[in-house]
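J.:
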Amino acid sequence: MRLTLKSNLLLGISCLLGYTGLAQDYEAQVEALMAKMTLEEKIGQTVMYSGEWDQTGPYVGTDNMKYIREGHMGAMLNAFTVEGTRDLQKAAVEESRLGIPLLFGYDVIHGHRTIFPINLGLAASWDLKLIEDTSRIAAEEASAEGIHWTFAPMVDISRDPRWGRISEGPGEDVFLGSEIGKAYVKGFQGDDLSKFNTILACAKHFVAYGAAQAGRDYHTTNMSEGELRNVYLPPFKATIDAGVETFMSAFNELNGVPTSGNKFTLRDILQDEWGYNGFVVSDYTSINEMIPHGYAADGKDAARIGMNAGVDMDMMGSVYRLYLKELIEEGKVDQAIVEDACRRILLAKFKLGLFEDPYRYIDQDREDTTKYKPEFLAKAREAAASSSVLLQNKNSALPLSKNAKSVAFIGPLVKDHYDIIGNWAAKGDRKGKAVSVFEGISEYLKADQILYAKGCEILKDDESGFEEAIEISKQADAIVLVMGEGHHMSGEAASRTNIRIPGIQPKLIKKIREANPDKNITLVLMNGRPLNLSNEVDLVDAILEIWFPGTMGGAGTADVLFGAYNPSGKLTVTFPRNVGQVPIYYNMKNTGRPIPETNPKEDYKSNYIDAPNSPLFVFGHGLSYTSFEYSDFKLSSDKLTFNEALKASVTITNTGDMDGYEIAQLYVHDVVGSVTRPVKELKGFEKVFLKKGESKTVSFTISAEDLKFYNSEMIYGVEPGTFEIAIEPSSDFKFTNSFELVND
Ligand code: BGC
Numbered sequence: 094m095r096l097t098l099k100s101n102l103l104l105g106i107s108c109l110l111g112y113t114g115l116a117q118d119y120e121a122q123v124e125a126l127m128a129k130m131t132l133e134e135k136i137g138q139t140v141m142y143s144g145e146w147d148q149t150g151p152y153v154g155t156d157n158m159k160y161i162r163e164g165h166m167g168a169m170l171n172a173f174t175v176e177g178t179r180d181l182q183k184a185a186v187e188e189s190r191l192g193i194p195l196l197f198g199y200d201v202i203h204g205h206r207t208i209f210p211i212n213l214g215l216a217a218s219w220d221l222k223l224i225e226d227t228s229r230i231a232a233e234e235a236s237a238e239g240i241h242w243t244f245a246p247m248v249d250i251s252r253d254p255r256w257g258r259i260s261e262g263p264g265e266d267v268f269l270g271s272e273i274g275k276a277y278v279k280g281f282q283g284d285d286l287s288k289f290n291t292i293l294a295c296a297k298h299f300v301a302y303g304a305a306q307a308g309r310d311y312h313t314t315n316m317s318e319g320e321l322r323n324v325y326l327p328p329f330k331a332t333i334d335a336g337v338e339t340f341m342s343a344f345n346e347l348n349g350v351p352t353s354g355n356k357f358t359l360r361d362i363l364q365d366e367w368g369y370n371g372f373v374v375s376d377y378t379s380i381n382e383m384i385p386h387g388y389a390a391d392g393k394d395a396a397r398i399g400m401n402a403g404v405d406m407d408m409m410g411s412v413y414r415l416y417l418k419e420l421i422e423e424g425k426v427d428q429a430i431v432e433d434a435c436r437r438i439l440l441a442k443f444k445l446g447l448f449e450d451p452y453r454y455i456d457q458d459r460e461d462t463t464k465y466k467p468e469f470l471a472k473a474r475e476a477a478a479s480s481s482v483l484l485q486n487k488n489s490a491l492p493l494s495k496n497a498k499s500v501a502f503i504g505p506l507v508k509d510h511y512d513i514i515g516n517w518a519a520k521g522d523r524k525g526k527a528v529s530v531f532e533g534i535s536e537y538l539k540a541d542q543i544l545y546a547k548g549c550e551i552l553k554d555d556e557s558g559f560e561e562a563i564e565i566s567k568q569a570d571a572i573v574l575v576m577g578e579g580h581h582m583s584g585e586a587a588s589r590t591n592i593r594i595p596g597i598q599p600k601l602i603k604k605i606r607e608a609n610p611d612k613n614i615t616l617v618l619m620n621g622r623p624l625n626l627s628n629e630v631d632l633v634d635a636i637l638e639i640w641f642p643g644t645m646g647g648a649g650t651a652d653v654l655f656g657a658y659n660p661s662g663k664l665t666v667t668f669p670r671n672v673g674q675v676p677i678y679y680n681m682k683n684t685g686r687p688i689p690e691t692n693p694k695e696d697y698k699s700n701y702i703d704a705p706n707s708p709l710f711v712f713g714h715g716l717s718y719t720s721f722e723y724s725d726f727k728l729s730s731d732k733l734t735f736n737e738a739l740k741a742s743v744t745i746t747n748t749g750d751m752d753g754y755e756i757a758q759l760y761v762h763d764v765v766g767s768v769t770r771p772v773k774e775l776k777g778f779e780k781v782f783l784k785k786g787e788s789k790t791v792s793f794t795i796s797a798e799d800l801k802f803y804n805s806e807m808i809y810g811v812e813p814g815t816f817e818i819a820i821e822p823s824s825d826f827k828f829t830n831s832f833e834l835v836n837d
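Quick note: the sequence shown uses the numbering used here, first residue 94, plus one each step.
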């Protein structure tokens, strides 16, 4: 550590100030420090500005150094690297009156340097350990570059593929989303925040941002309190159970009240009901945005509403810096509320150990030696392979043979290094480091076995490359198309009304099929949302969904294409047949007029006249190169009491020719409730490895606790009655077993 001298000096300063680094003393030390702070300095802790190393929202010019020296800024976003953060921290610690260290935050969403698949892709692995490992690595790399805090995980449930930010979340399911949220928090924060390689996590965007009307980003959200509590809140609560230290309020309004000024969600639920002790940061200028929302008259009014509602830190808005003092003097904001915000923020800094050594994350040696470690890259390769989902595999088009005379690789994303790491890719290298699909397959095929043509761009209309692409497709034994969206087509402010494969790519797929009626064609898809693949399912044999697979994406994809890794991912979000079915998700309600199984077209039923109700690919769907058989479903009893648990088990046999993972999913259906219940709900899952020919029994324990929901009085409880139950490979099944929940 090159800064040892300075650190020791500062350690001296810290000791003089009386900071012990002992966890049990933190609260007392916060109080002692606050006793020395002026009101302006306390307000200063609630202010965050950008260092502009990266831009993640509208440009806001600020006088950072001045505010830091004055003690009028508590945190910075988009400032990182040892060199970048050193001077800023030095100004805070050595030049401001009380030397309070800055907190540096950044969007480390699916990796920092080593980039893993986008979050929707990682979710498709259903592998909580893997997700925890990836966020641990992200924290290692980020903390080595001065970063103390990530704005992740995003745990917004979303059921709308038009919404670009569906790519950043866990998908559509509450149970899975909650488990995934916990795994991220554990990875980022580790088991001890005071270690130099752990960072604060941030559960965002609180709340219901994923339910934006018409899938348009930042749009209005309207929902019943029951829906909010049963679907959108649980993943946030789960992150608290996992110890998340910070929360971010959202951009959207919820039932008429912007979520960055929403007392009901921020104070009544988050603080009072859940007892949350961490701090809440606004989203980027989301406090100010209450003005155009029509909820605040001006900046001062917005500051009043935001602080009173429970947003402790103002990201980029300047309104806390400009108006809080005045608002306190006028009696419009209670000073105690601002002090509470300051206290929460300082406590986080103590927990990170910043008062013991403000430079502990600023270590040149660590920065130089931590990024892109071979074991990180190996994990990224594994993550890319296990996040990919084999949607379709007609004629066993996959895996490809290494002995093929030639394979044609066609499409704008075959040689791509840029889009492959996806949106919100932090400091991931979009040039040299990212392994393209072309480089990946070159590990399996010799140069003379590979034919390549780009064919077209993702979005441009130029068809001049079609001829070459068609020509090489005709020469090859097998054809692989690597197509999809550009990375900028999902993520923030990237909603789409058309969710087909963009541009003229679909036209090229059609032409290649016409030129090769009998050849196996595989479509490898890179994208950040469920796409409408209704035309493509009939044109190609295999479809491999690889999302934006990250730095080692090309290598992991090649492992799957050639069978070195047997695909095991399953969808955590429904793929509709067309955009008109949206929102569509597996656990909808039945309605009073469900479609009769025997006559799906019957009149006056809840159906469409121009498309089936069913999606193209269901939640939980994903194929393997081997096959699995489920048999011998057993329930330990057909009665469940409030005090005793029930065991459900099934035997899974690998009946195919390859070893592989299977993801078994436990679903229940509460048949009659005081409020209607979804047709099925995921309540458990297990990813199990089975050698070919091997059988294993997978069991789940169900207790009354697992069956609770919020009723119309917002009471969280469980109601006696019949529950259907099944353990299945996907959500596409009909229940045949049930149990009764009875009073003891
Ligand atoms: C996004 C957040 C992000 C923040 C800081 C906002 O625009 O909504 O998810 O953490 O910017 O970059």
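The C-beta atom is built at its ideal place from N, Cα and C for all residues, glycine as well.
Predicted model, so just to flag it, every value in this text is computed and none were measured.
#1: Let me know if residue 261 comes out buried or exposed under the rule of 16 or more other beta-carbons within 10 Å of its beta-carbon.
#2: For residue 776, which option in 762, 786 and 205 has the closest C-alpha, if you only look at C-alpha atoms?
#3: Pull up the distance between the alpha-carbon of residue 418 and that of residue 132, whole angstroms please.
#4: Helix, strand or coil for residue 453 per DSSP?
#5: Can residue 408 and residue 167 be called in contact, C-beta distance under 8 Å?
#6: Quick check on the DSSP output: what are the complete beta strand (DSSP E) runs of length 3 or more inside the region 539-610, in order along the chain?
#7: Looking at the strands, I want to know which residues DSSP matches up with residue 332.
#8: Check the DSSP bridge columns for residue 732 and list the partner residues they point to.
#9: Report yes if the C-beta of residue 399 is less than 7 Å from at least one heavy atom of the ligand BGC; otherwise report no.
#10: Could you name the residues of the same chain whose beta carbon sits closer than 6 Å to that of residue 428, not counting the 5 residues immediately before and after it, in chain order?
#11: Have a look at 220, 735 and 267 and flag the residue whose alpha-carbon is nearest the alpha-carbon of residue 681.
#12: Closer than 5 Å is what we want: which residues have a beta carbon that near any heavy atom of the ligand BGC? List them in chain order.
#13: For residue 529 and residue 513, which I take to be in contact (beta-carbon distance under 8 Å), what is that distance rounded to the nearest angstrom?
#14: Look up residue 119 in the DSSP assignment and say whether it is helix, strand or coil.
#15: Counting C-beta neighbours from all protein chains within 10 Å, is the total for residue 498 16 or more, i.e. buried, or is it exposed?
#16: With H, G and I counted as helix, E and B as strand and the rest as coil, what does DSSP make of residue 102?
#17: Cβ atoms of residue 746 and residue 672: under 8 Å apart, would you say?
#18: What is the residue span of the alpha helix (DSSP H) that residue 533 lies within?
#19: Does the distance from the C-beta atom of residue 161 to that of residue 181 stay below 8 Å?
#20: Determine the direct distance from the alpha carbon of residue 447 to that of residue 122, and round the result to whole angstroms.
#21: Tell me whether residue 809 is buried or exposed, calling it buried when 16 or more other Cβ atoms sit within 10 Å of its Cβ.
#22: Given this structure, state the Cα-to-Cα distance separating residue 610 from residue 511, to the nearest angstrom.
#23: Given 8 Å as the limit, is there contact between the region 343-362 and the region 265-281, that is, 3 or more CB pairs closer than that?
#24: Please list, in chain order, all residues of the same chain as residue 796 whose beta carbon is under 6 Å from its beta carbon, the five residues on each side excluded.
#25: What are the uninterrupted segments assigned as beta strand (DSSP E) that are 3 or more residues long and contained completely in the region 369-397, given in chain order?
#26: Does the distance from the C-beta atom of residue 214 to that of residue 249 stay below 8 Å?
#27: Distance check for residue 723 and residue 825, CA to CA, integer angstroms please.
#28: For residue 414 and residue 401, what's the separation of their Cα atoms in angstroms?
#29: Touching or not, the region 434-444 and the region 132-152, by the rule of three or more beta carbon pairs under 8 Å?
#30: Take the Cβ of residue 896 as the centre, count every other Cβ of all protein chains shown within 10 Å, and call the residue buried at 16 or more, exposed below.
#31: If you draw a straight line from the alpha carbon of residue 78 to that of residue 242, how long is it in whole angstroms?
#32: The alpha helix (DSSP H) spanning residue 199 covers which residue range?
#33: Report the three-state DSSP secondary structure of residue 708 (helix, strand or coil).
#34: What residue from 309, 231 and 328 has the CA that sits closest to residue 269's CA?
#35: Find out if the Cβ-Cβ distance for the pair residue 602, residue 638 is shorter than 8 Å.
#36: What first and last residue would you give for the alpha helix (DSSP H) that runs through residue 413?
T.: In short:
#1: Stepping through the sequence shown from its first residue, residue 261 is reached at position 168. Residue 261 comes out buried.
#2: Residue mapping note: residue 776 aligns to position 683 of the sequence shown, counting from 1. Taking only the C-alpha atoms, the option nearest residue 776 is 762.
#3: For this step, residue 418 is matched to residue 325 along the sequence shown. For this step, residue 132 is matched to residue 39 along the sequence shown. The alpha-carbon atoms of residue 418 and residue 132 are separated by roughly 7 Å.
#4: On the sequence shown, residue 453 is found 360 positions in, with the first residue counted as 1. Of the three classes helix, strand and coil, the one that applies to residue 453 here is coil, per DSSP.
#5: Here residue 408 corresponds to residue number 315 of the sequence shown, with the count starting at 1. Here residue 167 corresponds to residue number 74 of the sequence shown, with the count starting at 1. No.
#6: The qualifying runs are 543-546 and 571-577.
#7: Start at 1 with the first residue of the sequence shown, and residue 332 comes out as number 239. According to DSSP, residue 332 bridges with nothing at all.
#8: On the sequence shown, position 639 is the one that residue 732 refers to. DSSP output for residue 732 lists 833 as bridge partner(s).
#9: For the purposes of this step, residue 399 is taken as residue 306 along the sequence shown, with counting starting at 1. Every heavy atom of the ligand BGC is 7 Å or more from the Cβ of residue 399, so no.
#10: What you label residue 428 is simply residue 335 of the sequence shown in a count that begins at 1. Cβ neighbours of residue 428 beyond the five flanking positions: 421.
#11: Position 588 of the sequence shown, counted from the first residue, corresponds to residue 681. Closest by alpha carbon: 267.
#12: Working through the chain, the matches are 149, 150, 200, 244, 376 and 377.
#13: The residue given as residue 529 occupies position 436 in the sequence shown. The residue given as residue 513 occupies position 420 in the sequence shown. Yes, residue 529 and residue 513 are in contact; Cβ-Cβ is about 6 Å, under 8 Å.
#14: Numbered from its first residue, the sequence shown carries residue 119 at position 26. The answer is helix: DSSP assigns residue 119 an H, G or I state.
#15: Counting from one through the sequence shown, the residue named residue 498 turns up at place 405. Classification for residue 498: exposed.
#16: Against the sequence shown, residue 102 aligns to sequence position 9. Any answer about residue 102 is weak, because its pLDDT of 42 lies below 50 and its placement is not dependable; what the coordinates show is given next. Note: residue 102 maps to helix in three-state DSSP.
#17: For this step, residue 672 is matched to residue 579 along the sequence shown. For this step, residue 746 is matched to residue 653 along the sequence shown. No; because the gap between Cβ atoms is not below 8 Å, this pair is not in contact.
#18: Mapped onto the sequence shown, residue 533 falls at position 440. Residues 530-534.
#19: Along the sequence shown, read from residue 1 onward, the residue named residue 161 stands at position 68. Along the sequence shown, read from residue 1 onward, the residue named residue 181 stands at position 88. Yes.
#20: Along the sequence shown, one-based indexing puts residue 122 at 29. Along the sequence shown, one-based indexing puts residue 447 at 354. Each residue's Cα considered, the two are about 13 Å apart.
#21: Here residue 809 refers to the residue found at position 716 of the sequence shown. Residue 809 comes out exposed.
#22: Along the sequence shown, read from residue 1 onward, the residue named residue 610 stands at position 517. Along the sequence shown, read from residue 1 onward, the residue named residue 511 stands at position 418. Looking at the two C-alpha atoms, the distance is approximately 33 Å.
#23: no
#24: Indexing the sequence shown from 1 puts residue 796 at position 703. If we look at residue 796 and ignore the five residues flanking it on each side, its Cβ neighbours are 738.
#25: 372-374
#26: Counting from one through the sequence shown, the residue named residue 214 turns up at place 121. Counting from one through the sequence shown, the residue named residue 249 turns up at place 156. Result no, Cβ atoms of residue 214 and residue 249 do not sit closer than 8 Å.
#27: One-based indexing of the sequence shown puts residue 825 at position 732. One-based indexing of the sequence shown puts residue 723 at position 630. One C-alpha to the other measures close to 14 Å.
#28: One-based indexing of the sequence shown puts residue 414 at position 321. One-based indexing of the sequence shown puts residue 401 at position 308. Taking the straight line from one Cα to the other gives about 15 Å.
#29: Output reads yes: the region 132-152 touches the region 434-444.
#30: In the structure as shown, the chain starts at 94 and stops at 837, and residue 896 therefore has no counterpart that could be examined.
#31: There is no way to answer for residue 78, as the model of the chain reaches only from 94 to 837.
#32: Walking along the sequence shown from the start, residue 199 turns up at place 106. Where residue 199 is concerned, there is no enclosing alpha helix (DSSP H), although the beta strand (DSSP E) it sits in stretches over 196-199.
#33: Position 615 of the sequence shown, counted from the start, is the residue given in the question as residue 708. Correct three-state label for residue 708: coil.
#34: Numbered from its first residue, the sequence shown carries residue 269 at position 176. Ranking 309, 231 and 328 by Cα distance to residue 269 puts 328 first.
#35: In the sequence shown, the residue the question calls residue 602 occupies position 509. In the sequence shown, the residue the question calls residue 638 occupies position 545. Cβ atoms of residue 602 and residue 638: not closer than 8 Å.
#36: As a first step, residue 413 must be located in the sequence shown, where it is residue number 320. Note, residue 413: alpha helix (DSSP H), 412-422.
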